[in-house]
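Number of protein chains: 2
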Amino acid sequence: MSSATRSEAALSRIRVVLVRTTHPGNIGAAARAMLTMGLSRLVLVAPSHFPHPDADAMATGAAGVLARARVVDDLTQALAGCALTVGLSARPRAFAGRVLCARDAAGEAVARTSEGDVALVFGTEMSGLSNEELALCGIAATIPANPGYASLNLAAAVQVMAYETRLAAGDGSVWRAPRFAPATHDEVEALYAHAGETLQAMRFLNPAHPKRLMPRLRRLFGRAGLEREEVNILRGILARIDQFTGRKGR
Amino acid sequence: MSSATRSEAALSRIRVVLVRTTHPGNIGAAARAMLTMGLSRLVLVAPSHFPHPDADAMATGAAGVLARARVVDDLTQALAGCALTVGLSARPRAFAGRVLCARDAAGEAVARTSEGDVALVFGTEMSGLSNEELALCGIAATIPANPGYASLNLAAAVQVMAYETRLAAGDGSVWRAPRFAPATHDEVEALYAHAGETLQAMRFLNPAHPKRLMPRLRRLFGRAGLEREEVNILRGILARIDQFTGRKGR
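Here the protein sequences line up with chains A and B, keeping their order.
If you're matching positions, the first sequence starts at 1 in our numbering and goes up one per residue.
If you're matching positions, the second sequence starts at 1001 in our numbering and goes up one per residue.
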């Protein structure tokens, strides 16, 4: 099984459970947040309003996640069959068992998908999970936040946990800067030789007092890692300068 | 300087720049996302509508971030004086220089606050930063996402970057499970001794064929890490069972 397939298999075993969500727009925004990270199994426990046009509007391209969402009456039904249940809470609780930060909880969630389904459980907007609801979860997870204002929007919290889950599943790949043909050592050295002569002809570089000009230029272009096309452009510029100074090209 | 103060100092040097935002609600949601992670400097480049009641509604407790937001006409003004500028882009670009994933970009952003202000730049909702806008940024950053649906809501993208920035600044602290007095070694051994006798009196443990019962119980309670109060509760339960079996307490 390829690494991408393994990662998809792990993500396909993760349910996002939203408990007693008040605003249907948040359900739609949560569905969108999930799908951007490759999660698609949504369970709604006693939502105030669902289905609802606000949910559809906020889901944008994640309408399919809403269409397949399961609606249940209580949290016990939502968690049935899970190998691990993770309850999110911003508030400290007097009777919590294990409490992990979001990143560690995501790592554990993905690891436990080898044993079965895993639920990420989010409480109602105003007050989060009740103590009774959190007690049904195997571990508590919390997103590091500003202690002066730790009030993440529900869909924002889903976004952060889904993001950490995707990375924990090993699919943190991103687009890369385009790669063009690098210049060879010889091409780069010819550039420096040309530049040295042009700068002398311009009377910017004095061979009797060269100071640190050429080492500084080598350091700058060395850091950038020159491509062949870039060497050609720079030599074109030098050749044009040479026409003004009367230096003969080699 | 304490670690918390150092972290706050780094976060105070980070600007979030939103370019040509269309929906004022997204500006408010972004302000809320920022403040939950301890960021408070918002710069708006040519927003379609600002100030606006939708922005206020979505900001909830982060109204102060909106009140102090700076509104400018173009991106160049927004980036003036920055030591590093980071442009977010979900789309690959043919002419990008350095491209980092969100986590690495956040690490670099925080590191560079020692040299001056750092800007995190987010484009317009529908199409993101233009090539010309991204070219004004020193590095490009991208949030790992589902290649089939990488469309994070603007405020959700701000939330993820702000979260990574907070963690990169070293303030990933979270609430911890409460700690109660642990049981001593002697108390735990007395519990196992009591349990062994009670289980014999119940005829659940046969000393002639003990199998692996006691080692399994030791393993279970060892993993949990018993507290003193828990040992007292368990011994209370054992003593109650002893009343039924007629076993004399020690």
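In this text, a Cβ means the ideal position worked out from N, Cα and C, and glycines have one as well.
May I ask you to list, following chain order, the residues of the region 1016-1045 of chain B that have a beta carbon less than 8 Å from some beta carbon of chain A?
Within the region 1016-1045 of chain B, the residues whose Cβ lies closer than 8 Å to some Cβ of chain A are 1029, 1032, 1033, 1035, 1036, 1037, 1038, listed in chain order.
Proximal residues, the region 60-73 of chain A versus chain B, C-beta separation under 8 Å
60, 61, 62
Kindly indicate the opening and closing residues of the alpha helix (DSSP H) around residue 166(A).
Indexing the first sequence from 1 puts residue 166(A) at position 166. 154-168 is the span of the alpha helix (DSSP H), which, as asked, contains residue 166(A).
Residue 1177(B) and residue 140(A) closer than 9 Å at C-beta
Start at 1 with the first residue of the second sequence, and residue 1177(B) comes out as number 177. Start at 1 with the first residue of the first sequence, and residue 140(A) comes out as number 140. Inclusion of residue 1177(B) and residue 140(A) in the CB contact set at 9 Å is warranted, their separation being smaller than that value.
Does the Cβ of residue 1073(B) have 16 or more other Cβ atoms within 10 Å, making it buried, or fewer, making it exposed?
In the second sequence, residue 1073(B) corresponds to position 73, counting from 1. Flag for residue 1073(B) reads exposed.
For the candidate residues 196(A), 155(A), 199(A), 38(A), whose alpha-carbon lies nearest to that of residue 172(A)?
For the purposes of this step, residue 172(A) is taken as residue 172 along the first sequence, with counting starting at 1. With distances taken between Cα atoms, residue 172(A) lies closest to 38(A).
Beta-carbon proximity list for residue 119(A), same chain, < 6 Å, skipping 5 on both sides:
Counted from its first residue, the first sequence places residue 119(A) at position 119. Excluding residues within five positions, the ones whose Cβ falls inside 6 Å are 15, 17, 79, 82, 85.
May I have the straight-line CA-CA distance separating residue 6(A) from residue 107(A), to the nearest angstrom?
By 1-based counting over the first sequence, the position of residue 6(A) is 6. By 1-based counting over the first sequence, the position of residue 107(A) is 107. Their Cα atoms are separated by approximately 14 Å.
Across the region 56-67 of chain A and the region 157-171 of chain A, are there enough close Cβ pairs to call them in contact, namely three or more that are closer than 8 Å?
The way I'd put it, the region 56-67 of chain A doesn't touch the region 157-171 of chain A; fewer than three beta-carbon pairs between them come closer than 8 Å.
How would you list, in chain order, the residues of chain B whose beta-carbon sits under 8 Å from the beta-carbon of residue 173(A)?
On the first sequence, position 173 is the one that residue 173(A) refers to. Contact of residue 173(A) with chain B by beta-carbon distance below 8 Å involves 1144.
Per-residue burial, residue 143(A) [other beta carbons within 10 Å of its own, 16 or more giving buried]
Numbered from its first residue, the first sequence carries residue 143(A) at position 143. With at least 16 other beta carbons inside 10 angstroms of its own, residue 143(A) counts as buried.
DSSP bridge partner residues for residue 176(A) (one or two, in chain order)
Taking the first sequence and counting its residues from 1, one reaches residue 176(A) at position 176. According to DSSP, which records beta bridges pairwise, residue 176(A) is partnered with nothing at all.
Contact set between residue 1098(B) and chain A, taken where Cβ atoms lie within less than 7 Å
On the second sequence, position 98 is the one that residue 1098(B) refers to. What residue 1098(B) touches in chain A: 177.
Taking 9 Å as the CB-CB limit, is residue 155(A) close to chain B?
Reading the first sequence from its first residue, position 155 is the one you call residue 155(A). Interface residue, yes.
Going by other Cβ atoms of all chains shown within 10 Å of its Cβ, with 16 needed for buried, is residue 1027(B) buried or exposed?
Translated into the one-based positions of the second sequence, residue 1027(B) becomes position 27. Under this definition residue 1027(B) is a buried residue.
Complete alpha helix (DSSP H) runs within the region 1005-1070 of chain B (minimum length 4 residues, chain order)
1024-1036, 1053-1059, 1063-1067
Helix, strand or coil: how does DSSP classify residue 1184(B) here?
Locating residue 1184(B) in the second sequence gives position 184, where the first residue counts as 1. It is coil, neither helix nor strand.
Residue 1222(B), DSSP secondary structure in three states:
Within the second sequence, residue 1222(B) is the residue found at index 222, counting from 1. Helix.
Ordered along the chain, which non-local residues of its own chain (more than five positions away) have a Cβ less than 8 Å from that of residue 133(A)?
The residue you call residue 133(A) lines up with position 133 of the first sequence. Answer for residue 133(A): 19, 75, 87, 121, 123, listed in chain order.
Quick check: is any heavy atom of the ligand PLP less than 8 Å from the C-beta of residue 131(A)?
Absence of the ligand PLP from the depicted structure is noted, as is the absence of any ligand whatsoever, leaving it without description.
When you compare only the Cα positions, how much space is there between residue 150(A) and residue 1062(B)?
One-based indexing of the first sequence puts residue 150(A) at position 150. One-based indexing of the second sequence puts residue 1062(B) at position 62. Taking the straight line from one Cα to the other gives about 11 Å.
What residues from the region 1090-1122 of chain B come within 7 Å of chain A, judged by C-beta to C-beta, listed N to C?
1092, 1094, 1096, 1097, 1098, 1099, 1101
Let me check understanding here. Comparing Cα to Cα, which of 219(A), 44(A), 195(A), 127(A) lies closest to residue 237(A)?
Locating residue 237(A) in the first sequence gives position 237, where the first residue counts as 1. Of the listed residues, the one whose Cα sits closest to residue 237(A) is 195(A).
Kindly provide the ranges of any beta strand (DSSP E) runs that are 3 or more residues long and lie completely inside the region 71-155 of chain A, ordered along the chain.
82-88, 99-101, 117-122, 139-142
Leaving out five residues on either side along the sequence, give the residues of the same chain with a beta carbon under 7 Å from the beta carbon of residue 1128(B).
Position 128 of the second sequence, counted from the start, is the residue given in the question as residue 1128(B). Cβ neighbours of residue 1128(B) beyond the five flanking positions: 1089, 1090, 1091.
Cut-off 8 Å between Cβ atoms - residues of its own chain near residue 199(A), not counting five sequence neighbours on either side
Here the question's residue 199(A) lines up with position 199 in the first sequence. Result list for residue 199(A): 205, 213, in chain order.
Below-9 Å beta-carbon distance, residue 167(A) vs any chain B residue
Start at 1 with the first residue of the first sequence, and residue 167(A) comes out as number 167. Output row for residue 167(A): interface = yes.
Can you tell me which of 1071(B), 1161(B), 1246(B), 1137(B) puts its alpha carbon nearest to the alpha carbon of residue 1011(B)?
As a working mapping, residue 1011(B) is identified with position 11 in the second sequence. That would be 1161(B), whose Cα lies nearest to the Cα of residue 1011(B).
Beta-carbon of residue 1140(B) versus every beta-carbon of chain A: anything under 9 Å?
Taking the first residue of the second sequence as 1, we reach residue 1140(B) at position 140. At least one chain A Cβ lies under 9 Å of residue 1140(B).
Can residue 1068(B) and residue 1044(B) be called in contact, C-beta distance under 9 Å?
Working through the second sequence from its first residue, we reach residue 1068(B) at position 68. Working through the second sequence from its first residue, we reach residue 1044(B) at position 44. The answer is no: Cβ separation not under 9 Å.
C-beta neighbour in chain B for residue 150(A), strict 9 Å:
Here residue 150(A) refers to the residue found at position 150 when the first sequence is read from its first residue. Taking Cβ atoms only, chain B reaches closer than 9 Å to residue 150(A), which makes this a yes.
So, for residue 1152(B): in the same chain, excluding its five sequence neighbours on each side, which residues have a beta-carbon less than 8 Å away from its beta-carbon?
Start at 1 with the first residue of the second sequence, and residue 1152(B) comes out as number 152. Correct list, in chain order: 1090, 1143, 1145, 1160.
Ignore the nearest five residues each way along the sequence and tell me which others in residue 96(A)'s own chain have a CB closer than 6 Å to its CB.
Looking up residue 96(A) in the first sequence gives position 96. Excluding residues within five positions, the ones whose Cβ falls inside 6 Å are 140.
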